[in-house]
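S.K.: If you read the sequence shown in my numbering, its first letter stands for residue 522, the second for the next number, and so on.
Beta carbons: idealized from backbone N, C-alpha and C, even for Gly.
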Amino acid sequence: MKVGHFASCQIEPIPTTSFSANPAVMEEGLTGARKVSTRSSLLQIRPKHPFLPKSGPRTGIFRVSSSTPLLGSRKRTVGSRLRSRCLIMVLAGFGLVLGVMVILTGCWGGRKQSWARHPDWNMHYGKNPSSIPHEVIPANSHNDEMQGSNGLQLALSLGYGYIEIDTYLGPSPHPNTSLSLPNSTLDPSLTLLAGHDPKDLKAQRTLKEWYFDPLLDILDGNNRRWNGSEDGWTGVYERDPNKEVGILIDMKRDGDLIWPYLLDHLQPFISRNYLTYYNTTSSTWNYGPLIIIGTGSTPISKVYHSEFRYIFYDAPLIHPDEPLVIPKSNDGPFVSTEWSREIAPMASSKLPLKYYLSTLPHFIISRKGRDTLRCRLKDYTATARERGIKSRWWGVAGYPRWLKLRMWEVIWETGQEVLNTDDLAESRVWLRGRKDGDRRLGRC
């Protein structure tokens with residue numbers, strides 16, 4: 522050790538009152554003192570350093586000899602702590618900014634979808650909305666009734682292949698005409714209402730008047746010369762007459778009560794062969810311009826045990842390979858089977874929050890971590906596709922906009938077949954030009 526180094530140290534003397542005059546005892550005492558010195562601070566060396574206290578006992582770290590790397594170890598510890606704290610501050614700041622953006626955009630950004638934002642407003646004013654689009658897009662108008670009184674017309678004018686309506690059972694504004702079958706045993710004072718929440722329900726917003734009657738008028742107009750046979754029908758879209766359109770009925774609350782009223786509302790379509798259905802007795806399909814898919818609280822037992830399956834089911838997209846178990850009920854016996862297109866032509870689930878990590882940059886999550894997350898998404902959609910089931914993720918964050926668009930890219934690249942969206946005009950523009958051939962479908 523250099524002399525200059527000792528000059529900057531303070532050496533505390535060892536008290537001599539604790540030793541005996543006997544040489545053996547003194548030797549034993551000195552040996553014990555040497556052992557204790559590293560534990561009880563009999564010998565303390567305090568190099569003058571800005572990180573160390575100028576006086577008083579040091580705790581935790583002692584330098585016994587010149588070979589002990591005290592200062593270097595201290596520098597590394599402080600540096601690692603600083604880096605950890607900086608990383609925590611960066612992540613916390615990122616989360617705070619993201620949270621503020623979501624709150625502010627949610628308060629003032631709201632859904633303002635209207636005809637005024639339609640990309641082809643000047644082209645189609647006053648025309649039949651279903652005659653406008655040049656192509657049908659693989660997208661679902663989520664909670665379409667929240668688009669306003671012209672929600673159906675807006676979705677059709679943009680070429681949406683799927684339209685979802687939240688449905689409740691509520692009081693009918695027209696009890697005498699609310700039912701389609703004349704001898705029905707259903708309560709005529711009740712009907713199906715379109716609304717996302719109970720507070721949104723209004724007597725005049727019936728499923729029949731807002732959606733089923735306009736769809737029936739369009740199909741009747743497109744099929745005036747059709748004799749009702751299984752072939753030769755013209756679908757909702759005049760420029761793509763063979764395209765089947767999916768109507769998703771999100772049954773709220775008690776699906777068992779909604780079910781018979783929905784079947785009653787579908788009778789005009791059934792009598793005209795406008796619905797796709799599956800004959801469970803002969804295991805045959807009959808295709809029509811519309812396919813009805815029940816989601817929400819739709820009773821799977823009624824879907825499965827129907828002889829003519831006019832209403833299909835929306836299966837879970839997460840782990841669609843797990844068995845389908847239907848308990849014994851008044852609809853039929855106990856069943857354990859597999860999900861298939863004959864039961865559920867579509868599968869959907871809420872996108873788990875962890876998959877948003879796949880949009881983060883490399884300095885926060887590794888490339889391997891991002892690839893692992895995306896491979897899981899691809900496995901879900903690939904499993905559904907192998908069974909003939911179309912996949913759809915819902916619950917993707919709508920704000921901030923950059924995050925929404927980034928997640929659209931992720932779920933499209935990982936094989937999703939139907940884009941679930943509330944922003945109808947923007948989604949149509951975003952989907953334009955995107956084809957399945959441009960992405961690698963299948964498993965990792």
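With a 10 Å radius around its C-beta and 16 neighbouring C-beta atoms as the bar for buried, classify V952 as buried or exposed.
M.R.: Checking the displayed sequence, the identity of residue 952 turns out to be Leu instead of Val. Buried, since its Cβ has 16 or more Cβ neighbours within 10 Å.
S.K.: With DSSP run on the structure shown, which of helix, strand or coil describes T816?
M.R.: strand
S.K.: Tell me whether the segment 852–864 and the segment 918–938 touch, counting them as touching only if at least three CB pairs, one residue from each stretch, are closer than 8 angstroms.
M.R.: no
S.K.: Look at W933 and R960 and say whether their C-beta atoms are less than 8 angstroms apart.
M.R.: yes
S.K.: Could you spell out the range, first to last residue, of the alpha helix (DSSP H) harbouring I770?
M.R.: No alpha helix (DSSP H) holds I770; the beta strand (DSSP E) holding it covers V766 to M772.
S.K.: For the putative contact between I847 and S822, defined by C-beta atoms under 8 angstroms, what is the C-beta separation to the nearest angstrom?
M.R.: 5 angstroms
S.K.: Which same chain residues, not among the five before or five after I791, have their C-beta less than 7 angstroms away from its C-beta?
M.R.: Y831
S.K.: Quick check: what's the CA-CA separation for E666 versus I609?
M.R.: 43 angstroms
S.K.: Give the straight-line distance between the Cα atoms of K720 and L714, rounded to the nearest whole angstrom.
M.R.: 12 angstroms
S.K.: Between the alpha carbons of G776 and Y782, how many angstroms are there, rounded?
M.R.: 10 angstroms
S.K.: What separation, rounded to the nearest whole angstrom, lies between the Cα atoms of L784 and T858?
M.R.: 25 angstroms
S.K.: Can you look up N661 in the DSSP assignment and give me helix, strand or coil?
M.R.: In this structure, N661 counts as strand in the three-state DSSP scheme.
S.K.: Give every residue of the same chain whose Cβ lies closer than 8 angstroms to the Cβ of P735, excluding the five residues on either side of it in the sequence, and list them in chain order.
M.R.: L673 and Q674
S.K.: Give the single residue among G716, K723, L690 and L722 whose Cα lies nearest to the Cα of L967.
M.R.: Outside the modelled stretch of the chain, which goes from 522 to 965, sits residue 967, for which no answer is possible.
S.K.: Indicate whether S879 and V931 have their beta-carbon atoms separated by less than 8 angstroms.
M.R.: yes
S.K.: Determine which residues share a DSSP beta bridge with K911 and list them.
M.R.: K911 is bridged to M867.
S.K.: Exposed or buried, G954, counting other C-beta atoms within 10 Å across all chains shown (16 or more means buried)?
M.R.: exposed
S.K.: Under the three-state reduction of DSSP, which class applies to I791: helix, strand or coil?
M.R.: helix
S.K.: Tell me which residue opens and which closes the alpha helix (DSSP H) that R825 is part of.
M.R.: Looking at the sequence shown, residue 825 is not Arg but Tyr. That run of the alpha helix (DSSP H) goes I821 to H826.
S.K.: Whole angstroms is fine: what's the gap from L845's alpha carbon to W806's?
M.R.: 21 angstroms
S.K.: Could you check which residue in R906, Y799 and L787 has the C-alpha nearest to that of E938?
M.R.: Closest option to E938, Cα to Cα, is R906.
S.K.: Exposed or buried, T698, counting other C-beta atoms within 10 Å across all chains shown (16 or more means buried)?
M.R.: exposed
S.K.: By the three-class DSSP mapping on this structure, what secondary structure does F829 have?
M.R.: strand
S.K.: In angstroms with no decimal places, state the Cα-to-Cα distance between P659 and T727.
M.R.: Inter-residue distance for P659 and T727 is about 26 angstroms (C-alpha atoms, whole angstroms).
S.K.: Alpha carbon to alpha carbon, how far is P882 from L962? Give it in angstroms, no decimals.
M.R.: 24 angstroms
S.K.: Is it true that the CB of M772 sits closer than 8 angstroms to the CB of S804?
M.R.: no
S.K.: If you run the structure through DSSP and keep just helix, strand and coil, what is G853?
M.R.: strand
S.K.: If you compare alpha carbons, which of N851, P873 and N763 is closest to L838?
M.R.: P873
S.K.: Whose C-beta lies closer than 7 angstroms to the C-beta of E685 among residues of the same chain, with five residues either side of it excluded?
M.R.: Here E685 has N661, S662, H663, N664, D665, L769 and D771 as same chain residues with Cβ atoms under 7 angstroms from its own Cβ, once five neighbours each way along the sequence are excluded.
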